[in-house]
Amino acid sequence: MQDPLIGRHRELARLRAAVLAAAAGPGRLVLIDGPAGIGKTRLAEHAAALAAECGLRVGRGFAVDDAGMPPLWPWHRLGRDLPELAEALAGGDAAQWENSASQRFRMFTAFAEALEAVAAPAGLAVVLEDLHWADRTSLLLLRHVAAELPHQRLLLLATARDTADGPYLEQLPDLVRMPHTQTMPLTGLSVEEVRYWLRHAAATLDTAAADRLHERTGGNPLYVRIVVESSGESDPDPLSRRSFRRLALAQVDRLDAATQTVLRAASVLGERIEPELLEQLTGADVETALDTAVTAGVVRHPDNGAVAFVHALIRDAIYAELSLSERMSLHRSAAELLAARADGDPSAAGPIATHLRRASGPDTDANCAHWARIAAESARTATAYDEAIRFHRWAIEATGPSAPGPLRAELLIELARSEFEAGRIDDSIDHCAQAGAIAERATRYDLVVAAALVVHGIGTPRVIATVDQLCRSALHGLSADTDGASIARLTAHRAMAAAQIGECDRARELSATAMATAERSGDPDTLLDAIHARHLALSAPQFLAERMELVERAIEIGDRARQPLARLWGYLWLASAAFQLGDLALADRAIIALEQVAERGRLPIARWHLHRLDATRAALTGDFAAADESNNAAFELAIRMGDESLLGLHHAFRGLMNMVQGYASETEAAERFAAMRHAPQIPLIRIFLPMTRALAGDLDEARALFQEFRELPGTFQVGPHWLGLLYNLGFTAVLLRDKETAERAYQAFGSDDGYYLGDGGAVLCSGSIARPIADLALTAGRVDAAIEHYQRAIAMDSRIGARPFLALSRLGLADALRTRGTPGDLRAARSAITAAAQEFRRLDMTHRLRAADALLAEIDRAARESNPLTTRETEVADLVTDGLANREIATRLVLSERTVETHVSSILAKLGFQNRTEIAAWRLRS
35 MQDPLIGRHR ELARLRAAVL AAAAGPGRLV LIDGPAGIGK TRLAEHAAAL
85 AAECGLRVGR GFAVDDAGMP PLWPWHRLGR DLPELAEALA GGDAAQWENS
135 ASQRFRMFTA FAEALEAVAA PAGLAVVLED LHWADRTSLL LLRHVAAELP
185 HQRLLLLATA RDTADGPYLE QLPDLVRMPH TQTMPLTGLS VEEVRYWLRH
235 AAATLDTAAA DRLHERTGGN PLYVRIVVES SGESDPDPLS RRSFRRLALA
285 QVDRLDAATQ TVLRAASVLG ERIEPELLEQ LTGADVETAL DTAVTAGVVR
335 HPDNGAVAFV HALIRDAIYA ELSLSERMSL HRSAAELLAA RADGDPSAAG
385 PIATHLRRAS GPDTDANCAH WARIAAESAR TATAYDEAIR FHRWAIEATG
435 PSAPGPLRAE LLIELARSEF EAGRIDDSID HCAQAGAIAE RATRYDLVVA
485 AALVVHGIGT PRVIATVDQL CRSALHGLSA DTDGASIARL TAHRAMAAAQ
535 IGECDRAREL SATAMATAER SGDPDTLLDA IHARHLALSA PQFLAERMEL
585 VERAIEIGDR ARQPLARLWG YLWLASAAFQ LGDLALADRA IIALEQVAER
635 GRLPIARWHL HRLDATRAAL TGDFAAADES NNAAFELAIR MGDESLLGLH
685 HAFRGLMNMV QGYASETEAA ERFAAMRHAP QIPLIRIFLP MTRALAGDLD
735 EARALFQEFR ELPGTFQVGP HWLGLLYNLG FTAVLLRDKE TAERAYQAFG
785 SDDGYYLGDG GAVLCSGSIA RPIADLALTA GRVDAAIEHY QRAIAMDSRI
835 GARPFLALSR LGLADALRTR GTPGDLRAAR SAITAAAQEF RRLDMTHRLR
885 AADALLAEID RAARESNPLT TRETEVADLV TDGLANREIA TRLVLSERTV
935 ETHVSSILAK LGFQNRTEIA AWRLRS
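Sequential numbering of the sequence shown, starting at 35, is according to my numbering.
Right, dumping it as structure tokens:
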């Protein structure tokens with residue numbers, strides 16, 4: 035099985051950029067390092083495949099862990115793929131080069147020249163693996179070749195372990211200092227990425243198994259793969275196999291018995307060891323034993339003065355060798371020692387709960403649950419949400435399924451809150467549903483309310499339906515006289531659910547009720563929920579003024595509310611309004627404030643919104659590379675969060691970028707279709723099917739897919755999805771030249787074209803709304819209206835520097851002027867299309883540039899057809915228009931006066947005019 039490239043989006047983007055840069059020149063050196071099994075080879079293979087796709091030749095070499103390896107072995111292996119290099123390596127005795135600098139330099143120079151010759155025709159990618167085992171001469175040759183990269187179309191990609199020493203460590207500083215070097219250190223996968231991998235590759239493994247695996251291996255992909263391959267076994271943990279444990283314990287087995295005894299106890303305390311506690315636990319000479327273990331390379335001394343096992347796998351392997359009774363006894367003793375000195379310190383609760391969970395004895399479960407809840411709250415307060423989730427689960431496990439219903443509901447709600455704050459939306463909503471059902475059976479409607487209010491701001495159909503059901507259940511058991519605040523919050527959540535499913539009129543009704551009830555409560559969290567619902571119900575340009583008032587209130591309340599996302603919403607909505615107003619200075623201030631919220635709260639959803647806003651801001655002004663980078667960062671974070679709706683918005687952004695570029699490749703279309711199979715089947719998402727097929731050039735299939743949308747304009751309610759759906763639907767109608775649907779969409783937009791297409795960064799801000807309205811008008815045959823809208827769009831997009839959309843408006847205006855064809859239109863059209871083409875060229879919008887060039891050719895052809903005069907006659911007519919007499923024209927054009935008189939007579943005859951004044955008037959009109 036080949037490890038999937040999970041969690042390496044940023045590295046892949048950098049490798050792709052390095053390949054493209056090397057293909058054009060100058061070259062690049064990429065150094066990938068990390069521990070064994072971290073995925074260096076897999077990433078190198080992917081880079082080689084990318085290089086091959088881009089037309090580069092590819093060669094590979096590697097070093098081996100063998101004392102008999104000849105000098106320059108990696109380069110000799112490279113010669114098998116690139117025979118042209120073999121001759122340059124064949125000269126002389128390699129063993130002599132180590133001591134003969136001049137001879138070595140001549141060989142290095144010859145080899146570098148041979149490499150340059152191989153790279154020159156189409157570019158070259160050289161992959162050199164496991165250089166931590168490479169000989170000094172091989173590394174000196176690498177340094178020599180790397181120094182020549184500025185003059186070559188060459189990508190050098192080298193991998194090595196991050197614990198390398200010897201020749202590689204000696205040469206590394208010189209390699210890193212070179213101007214075209216990029217370093218790429220690899221670390222383990224995050225716990226969310228391990229869970230994602232196992233969820234898709236090993237259905238028999240649950241979330242707890244993935245978390246346990248990550249904790250033990252640090253997310254090393256090699257060990258994850260071993261588990262995935264053995265997932266059908268009764269116990270997929272590799273440490274459950276004695277052969278695997280003996281491999282990890284090879285160094286421990288050589289130690290004396292006393293040291294092994296201390297290490298056995300130390301394994302119970304964890305990867306990091308506190309000598310004083312270990313001495314209390316064992317009563318042994320701990321200092322001597324640890325010194326022996328350090329010398330053997332089993333433990334190490336970190337900077338903080340404690341002692342730690344060199345790798346968690348060694349600690350786990352020692353621990354796995356303990357008998358069950360010895361293990362449980364040591365854990366109980368450790369818990370008692372730690373509890374005795376805790377003295378009310380909540381930070382001690384985590385270690386105590388950890389030991390109690392693995393101990394035995396009376397009241398162990400009750401004590402474990404007690405300390406786990408304290409530890410969870412402490413971790414949550416410190417925004418360590420993953421740790422909080424772990425402790426919440428322990429508390430639930432310790433109380434067991436027979437715990438009283440209200441207690442179990444409380445524990446599930448506490449878990450769900452931490453999961454939501456950590457971005458684990460699916461887990462959170464599941465536990466809310468479980469808690470709500472238990473609480474309702476126990477007639478504890480206060481707990482049903484709490485379960486209903488945990489998850490908010492998430493628009494997937496499953497979450498909406500679950501939250502709405504919880505709200506309805508809670509409202510049945512509440513009294514308007516005593517539970518006003520809870521009723522307001524539940525009504526607000528129901529309003530948000532209605533808005534998300536398209537019942538926008540009902541959403542505005544419910545949100546108004548929630549606002550009125552919340553105002554009476556005076557509670558900031560209640561009021562913030564009501565504002566949130568009201569803002570969502572009014573999420574359309576028609577309500578921008580009222581939304582700005584809500585934004586101001588949300589920002590003011592955010593500092594007083596207790597909700598973890600309280601300060602997020604106000605600034606996110608401010609950015610939304612700023613984009614629709616075209617106030618980029620205001621948008622930038624909102625983004626800076628949002629960044630501070632994300633840093634302070636360490637909330638993944640806040641960081642995700644920040645990436646989305648950064649992508650939107652960059653795309654608006656034509657920085658497409660930065661937009662892609664931020665979009666990819668948001669996608670990577672969404673994978674870790676496990677929210678399918680957030681993953682879908684990555685593909686939506688890519689789809690809208692295709693709209694800007696005017697093209698989608700077959701590969702992009704296939705990826706989009708695959709992603710949409712798992713997305714909610716709502717019109718806002720399904721419209722991407724015909725749109726993408728049209729952008730890929732398959733117009734017949736696009737028309738078939740578009741049939742269900744043709745009657746939609748004007749039928750759906752104004753709300754959160756209104757603008758996005760109408761824009762995408764109208765764009766597709768224009769691509770397909772569907773005049774009837776374009777007319778319906780034009781009418782649905784109405785006459786207000788004074789705002790911008792922006793929704794706070796969830797997808798993309800596409801410049802002035804006047805441009806897509808103009809596109810619809812032109813397709814529908816309303817040419818004069820289209821010209822007015824395009825002119826408005828040009829003014830608006832010029833004001834904010836929306837370069838791609840300004841160029842698109844000029845392209846549309848040129849087409850509209852050419853279509854109208856009144857006097858002066860062709861000259862104005864040529865001016866507009868020339869400016870558009872220049873911008874498309876600067877922004878590397880190749881498909882739009884091709885369209886602009888084609889339109890320019892049509893405009894020039896139309897101009898020629900509308901002018902019956904020859905080139906010389908046109909020159910004479912222009913000078914007549916300037917008021918020159920025949921003699922002056924003759925002097926200017928170096929002609930005889932009689933020739934000029936002949937040209938003037940011919941012009942009058944061809945145009946049917948009587949005098950020179952009519953010629954001047956005609957030229958001015960045209």
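In this text, a Cβ means the ideal position worked out from N, Cα and C, and glycines have one as well. None of the values given here were measured: they were computed from a predicted structure.
Once the 5 residues before and after residue i are set aside, which same chain residues still bring their CB inside 7 angstroms of it?
i: aspartate 831; result: Gly801, Ser802, Phe839, Leu840 and Ser843
i: alanine 1046; result: A query on residue 1046 cannot be resolved here, the shown segment of the chain reaching from 35 to 960 and no further.
I need the boundaries of the beta strand (DSSP E) containing residue i, first residue and last residue.
i: isoleucine 66; result: 62–68
i: phenylalanine 722; result: From DSSP, phenylalanine 722 is part of no beta strand (DSSP E) but of the alpha helix (DSSP H) over 722–729.
Given residue i, which residues of its chain have a CB within under 6 angstroms of its CB, disregarding the five upstream and five downstream residues?
i: valine 160; result: Gly93 and Leu190
i: serine 301; result: Arg349, Ile352 and Tyr353
i: leucine 119; result: Gly113 and Ala148
i: isoleucine 463; result: Val489, Val497 and Thr500
i: arginine 674; result: Ser224 and Glu226
i: proline 380; result: Ile408 and Ser412
i: alanine 632; result: Ala640, Arg641 and Leu644
Chain B beta carbons: is any one of them nearer than 7 angstroms to that of residue i?
i: isoleucine 719; result: No chain B is part of this structure, which consists of one protein chain only.
In whole angstroms, what is the alpha-carbon distance linking residue i and residue j?
i: alanine 796; j: alanine 393; result: Residue placement at alanine 796 cannot be trusted, given a pLDDT of 48 that sits under 50; the coordinates are not used to answer.
i: methionine 212; j: threonine 75; result: 23 angstroms
i: arginine 581; j: alanine 611; result: 8 angstroms
i: glycine 126; j: aspartate 115; result: Bear in mind that a pLDDT of 49 at glycine 126, under 50, signals an unreliable position, so the number given afterwards is only what the model happens to contain. Spanning the two alpha carbons is a distance of roughly 22 angstroms.
i: arginine 918; j: proline 857; result: The sequence shown places leucine at residue 918, rather than the arginine named in the question. Leucine 918 and proline 857: Cα-Cα distance of roughly 23 angstroms.
i: alanine 836; j: leucine 654; result: 5 angstroms
i: glycine 457; j: arginine 523; result: 22 angstroms
i: leucine 90; j: threonine 193; result: 20 angstroms
i: arginine 478; j: threonine 516; result: 15 angstroms
i: glycine 71; j: asparagine 254; result: 6 angstroms
i: valine 210; j: arginine 177; result: 10 angstroms
i: glutamate 873; j: isoleucine 941; result: 38 angstroms
Along the chain, where does the alpha helix (DSSP H) containing residue i start, and where does it finish?
i: alanine 698; result: Neither: alanine 698 is in no alpha helix (DSSP H) and is coded neither H nor E.
i: methionine 830; result: 817–834
i: glycine 384; result: 383–391
i: proline 806; result: 804–813
i: alanine 194; result: Unbroken run through alanine 194 is the beta strand (DSSP E), 188–195; no alpha helix (DSSP H).
i: valine 160; result: Note, valine 160: premise wrong, no alpha helix (DSSP H); beta strand (DSSP E) at 158–163.
i: phenylalanine 658; result: 658–675
i: glycine 635; result: 618–635
i: leucine 94; result: Residue 94 is actually arginine in this sequence, not leucine. From DSSP, arginine 94 is part of no alpha helix (DSSP H) but of the beta strand (DSSP E) over 91–96.
i: aspartate 648; result: 638–654
i: cysteine 402; result: 398–415
i: isoleucine 423; result: 419–433
i: glutamate 735; result: 733–740
What do you reckon, are the CB atoms on residue i and residue j nearer than 7 angstroms?
i: arginine 861; j: alanine 911; result: no
i: alanine 529; j: alanine 541; result: yes
i: glycine 696; j: histidine 823; result: no
i: alanine 406; j: histidine 389; result: no
i: alanine 85; j: valine 64; result: no
i: leucine 723; j: leucine 739; result: yes
i: leucine 608; j: valine 585; result: yes
i: serine 452; j: arginine 414; result: yes
From the DSSP output, read off the bridge partner residues of residue i.
i: methionine 879; result: Answer is none; methionine 879 lacks a bridge partner.
i: isoleucine 472; result: Isoleucine 472 is not bridged to any residue.
i: threonine 217; result: Leu65
i: valine 341; result: Ile307
i: tyrosine 789; result: In DSSP, tyrosine 789 forms no bridge with anything.
i: valine 333; result: Phe343
Leaving out five residues before and five after residue i in sequence, what residues of the same chain have Cβ atoms less than 8 angstroms from its Cβ?
i: alanine 47; result: Asp662, Glu663 and Asn666
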